[in-house]
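Take -13 as the starting number for the sequence shown in the working numbering and just add one per residue. Glycine included, every Cβ here is placed at the ideal spot set by N, Cα and C. Heads up: the structure comes next, in C-alpha cells.
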Amino acid sequence: MNVKPLADRVLIEPAPAETKTVGGIIIPDTAKEKPLKGTVVAVGNGTKDEEMVLKTGDQVLYGKDAGTEVEIDGTKYLIMRQSDVVAILS
-13 MNVKPLADRV
-3 LIEPAPAETK
7 TVGGIIIPDT
17 AKEKPLKGTV
27 VAVGNGTKDE
37 EMVLKTGDQV
47 LYGKDAGTEV
57 EIDGTKYLIM
67 RQSDVVAILS
C-alpha cells in the first residue's frame, strides 16, 4: 500500500524497542520503553506557512507521546506533524 501524508505530516517507522533482561527475566512488550527515534518513510508537501524540512530516509528523534499509531500491511508506523520531530540524526 502506498501512503502519502498530507500537509506537514510525516510517516515514521519507529526503531525496534530495546529488549533488556535482568537476571534472566524477560520484560513483556507492554512494559518496554517506547522508542523515541525512527526513520521517515513518507512526507507530505508542507503548508504555505511551514516548509517541509524532513525527507524520506531521515533518522529522527521525536517526543514521547508524539504521533498516532497506524498499522499498514502488518507494520506499525507513527504519523505525526513535522513539528513533533525534535531532531534529525546524522
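With burial defined as no fewer than 16 other Cβ atoms inside 10 Å of the residue's Cβ, what is the status of residue i: buried or exposed?
{"i": "Gly24", "result": "buried"}
{"i": "Ile65", "result": "buried"}
{"i": "Gly53", "result": "buried"}
Cutting at 8 Å between CB atoms, please list the residues of its own chain near residue i, excluding the five before and the five after it.
{"i": "Lys41", "result": "Val26, Val29"}
{"i": "Ser69", "result": "Asp(-6), Glu36"}
{"i": "Asn(-12)", "result": "none"}
State the CB to CB distance for the pair residue i and residue j, rounded to an integer number of angstroms; the pair is presumed to be in contact (CB under 8 Å).
{"i": "Leu(-3)", "j": "Tyr63", "result": "5 Å"}
Smallest Cα separation from residue i: which of the options?
{"i": "Leu75", "options": "Glu55, Asp59, Ile58, Gln45", "result": "Gln45"}
{"i": "Asp51", "options": "Thr61, Lys34, Asn(-12), Arg67", "result": "Arg67"}
{"i": "Glu55", "options": "Met38, Val(-11), Glu(-1)", "result": "Glu(-1)"}
Sorted by chain position, which residues of the same chain lie with C-beta nearer than 7 Å to residue i's C-beta, five sequence neighbours on each side aside?
{"i": "Val72", "result": "Leu47, Tyr48, Gly49"}
{"i": "Val39", "result": "Gln68"}
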